[in-house]
Structures are given as C-alpha cells and as structure tokens.
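Residues in the sequence shown are numbered from 1 upward in steps of one, following my numbering.
The beta-carbon is built from N, C-alpha and C at its ideal position, and this holds for glycine as well.
Bear in mind that the values here come from a model prediction, so they are computed numbers and not experimental data.
This report refers to the structure that appears directly beneath it.
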Amino acid sequence: TLALGLGGMHNLLEKTVELDNLGLARGSLASLDIFFAERHTSDSHFRIETSIKLDEDPCAALGHDFVQLNSLVHNNLGGAGPDLGEDAIIFRGVSFASGAQTDVELTITVKPGSGYLPSLWPYNGLRLHHGSIGVKAGTNVSLLFRFSDPWMHEPFNLEGLVLTFHSIDPGRNGRPGEYVAARGFSARTLAASTQVQVAEQPRGWTLFHSTGFSQSGRRDFVNQIHAHALSLHYETSAEIEVVLGTGDASGPDGYFKFDIRPSLQCGGSGANTEVTKTWAMSTTTTTRIISAESKCCVFESPWLYVRLLCFPCNMVDESVTGFDDGWVCRRRRRRRRSTTQASVKAEDG
C-alpha cells in the first residue's frame, strides 16, 4: 500500500505520514519500502526524518530476557586465529533479565576430542551484536558455550537462556547444506512458516537442517530469514553443547550467525514454541554423526565455489556412528585484512 507519494518532476516538496494511522498491529512484522528515482540532470536529492525509535530493542519492548553481545574480546577458536593464546572465541556483553542488567562473558571452545576446520573466509567474530562462526564445507565441529562473570571469572548461570541460530542455509541442487545439532534444551522455537526440518537422533540429539528457499522475491526476504532460523531454550546455561556443520564437501563453507535472545518471538514471525523432553548432558560420552568426507585443496575460491587438486583430509571410522571428531588435517590460513568503505550520496550533479 502506498502511504506517501511525491512523484514526478517538481520543486522542493514535503509530506508527512502518521504510521499510527496505517492500521499496524503492535508486535507484528511490517516492511518499510522506500523508492527514489533520479529525474533531474543538475540536482536531485531527498531527506527522510522519522520519529521511529530505531534504537529500541524489540525483545526489551516485549519484556523478554536476553543477552546483547557488545564486543569481541578474543578470537582464536580451535587455534585457527587470528589471535594467539587461548583456543577460544570470547564475547562480552550485557544480560537483560527481570529488569536488571549484568555484565556477562561468553566463551566458546571446541569440545575435547572434536576437530575444527575453519571456513576459507574468516567469518569468526561479532557483527552487529551477532556472533558468527565459519565451518569448512563438508565438516562439523562440536562447540561448548560457557557463560561467566567477566570480572570475577566465575561461572554465571542464565536461567531461561535462549540461543538462536539464523539463516541455516539449505544445500545447492538438492545436496545437504548447513545443519545444527543440539541436546539438553527444554524447548525449541521455529517460525510459523519454517523451512527448518527436525530429525531426532540417538542419545538425545536433535538435528536441524533447512529445505529450499522460496521463489517469492525480495519482498519475502524477511520471512525467509525467519523461515531458516531456530531458537533453543535452556533452563540453565552451565554448559551448552551444539554441533555446527555442512553436509556437502564440494559446496560453500558454512556461516553460522547466532545471538542469545528469543529472536523469533521478538521479531513478530508468528513463532511456534514446542516444549521438548529435557535430556541430561553427558560429560563422558561423545556422540558423533558422520558427515560427507572433507577435503583439503591446493586452490580454493569462496566466491566461485571452486576447489582444485583436492584430497581427503579427514579419516572417518565408518564403524562409529555419530559426529566426526577425528581430523588429521588442520591448516592455518593467512588472512588478509581489508577495510571496505561505502557511502551513499543523496545528491547528484
């Protein structure tokens, strides 16, 4: 529905639209599309002013508890760099729970006995309060999430914690894509129009993977993001174990974006929460699921999805059922740091 139009060739014009008069429902999803066309050879520009609270957190507005990740303290997951020292990736943020704010630190490590091959492109880090982890195509990694007080360095228990993974991408041409496996959670939330498939596994594990993308166009982009998202609810945050992986060694590397909040419930996606059986976490048993054979390649291009002169770089014991954690090939990649600056000019001469 067109809410405001200033079309045609004209001198300076100004118009205002009251969003409260558009029949929008609080907490529901609404898109705001803006179109601008250059129509003058000498000068054309526009300015938008709004009273929308763009800095208002939707989870806080709806009264949900969450953790906001604000900074990356250390980045060396599985010894893959770029930092030196502890083999972990560490985030620092603030817990918003029951009206109180508390500093908290999240440390993610590779579970002992598991292996980690990072993605070719350095995805590990923090982007707009979202943590991100890259996994080499055709491999998986078992990760441990632990929360602590950043000042006392003591375990910090977050009751009712929600861990959300975004954009669990399907594979190309019907091949296996990205997947998340978890156990020990008390409930899971999926969007009403979810394309995430759920498969129960032995020993309390649940496997989540996505089906194909919709062909409905860009207007459905936000719905597609929700359709490939997953929220896992935990009664306690003493230690959370998840497995991230991709099933196609010849496909793109996996890029997993996550946050510590009930994003689907805060984002107006018509989320459905299903309470599941709570499984006790095992400290002595390592469950493993065999994925596609991973390969080490002499030449790799993440943009063209090309790998040349490849050879097997992990030896999988076919007699073992479960997540593969026996890697015999680990490579460190020298990453080039680059800064890209982009600007949008609203005035053209």
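DSSP puts residue i in a beta bridge; with which residues?
{"i": "A60", "result": "Partner(s): none; A60 has no beta bridge."}
{"i": "E178", "result": "T246"}
{"i": "H166", "result": "K257"}
{"i": "N11", "result": "Looking at the DSSP assignment, N11 forms no beta bridge with any residue, so it has no partner."}
{"i": "L143", "result": "V110 and V242"}
{"i": "L6", "result": "For L6, which the question treats as bridged, DSSP gives no partner whatsoever."}
{"i": "S148", "result": "E105 and P155"}
{"i": "L161", "result": "Y234"}
{"i": "F71", "result": "It should be noted that the sequence gives Ser, not Phe, for residue 71. Answer by DSSP bridge pairing, in chain order: R92."}
So what's residue i in DSSP terms, helix, strand or just coil?
{"i": "P122", "result": "coil"}
{"i": "G93", "result": "strand"}
{"i": "D20", "result": "helix"}
{"i": "N173", "result": "helix"}
{"i": "L77", "result": "helix"}
{"i": "T1", "result": "coil"}
{"i": "P155", "result": "strand"}
{"i": "F66", "result": "strand"}
{"i": "R47", "result": "coil"}
{"i": "R26", "result": "coil"}
{"i": "P302", "result": "Model confidence at P302 stands at a pLDDT of 44, short of 50, so the residue's coordinates are unreliable and nothing is read from them."}
Take residue i as the anchor and find which of the options has the nearest alpha-carbon.
{"i": "G177", "options": "A249, P122 and L84", "result": "A249"}
{"i": "S31", "options": "V196, T164, G134 and L2", "result": "L2"}
{"i": "R203", "options": "R183, G174, E235 and D65", "result": "R183"}
{"i": "L19", "options": "V73, D87, P262 and S51", "result": "S51"}
{"i": "F145", "options": "R127, E105 and L120", "result": "E105"}
{"i": "V180", "options": "V17, G254 and G245", "result": "G245"}
{"i": "I260", "options": "M152, P252 and F147", "result": "F147"}
{"i": "V67", "options": "Y234, S44, D103 and F35", "result": "D103"}
{"i": "N173", "options": "G267, L54, G63 and G251", "result": "G251"}
{"i": "R188", "options": "K53, L264 and S71", "result": "L264"}
{"i": "H233", "options": "E241, A227 and H226", "result": "E241"}
{"i": "N70", "options": "P150, L128, N21 and D149", "result": "L128"}
{"i": "M9", "options": "T139, T16, A37 and G254", "result": "A37"}
{"i": "L158", "options": "A227, S95 and C266", "result": "S95"}
{"i": "G113", "options": "V141, G23, N21 and D253", "result": "V141"}
{"i": "K136", "options": "G5, L117, P82 and H166", "result": "L117"}
{"i": "L190", "options": "L163, I168, A229 and T206", "result": "A229"}
{"i": "T107", "options": "Y255, D253, F256 and S237", "result": "S237"}
{"i": "F165", "options": "S132, M152, R26 and H74", "result": "S132"}
{"i": "F208", "options": "N223, S186, P170 and E239", "result": "P170"}
{"i": "A227", "options": "S210, T139 and M152", "result": "S210"}
{"i": "L78", "options": "A25, H153 and S119", "result": "Per the sequence presented here, residue 78 reads as Gly, with Leu not at that position. Checked all of A25, H153 and S119; the closest Cα to G78 is S119."}
{"i": "I355", "options": "G63, Y123, E56 and F185", "result": "Past the edges of the chain, shown from 1 to 349, lies residue 355, and the structure says nothing about it."}
{"i": "Q197", "options": "F185, I168, V243 and N223", "result": "I168"}
Following the continuous beta strand (DSSP E) through residue i, name the residue where it begins and the one where it ends.
{"i": "I133", "result": "H130 to V135"}
{"i": "T109", "result": "A100 to V110"}
**Study point:** Uninterrupted alpha helix (DSSP H) stretches inside the stretch 184-271 (no shorter than 4 residues)
**Key:** 221-227 and 263-266
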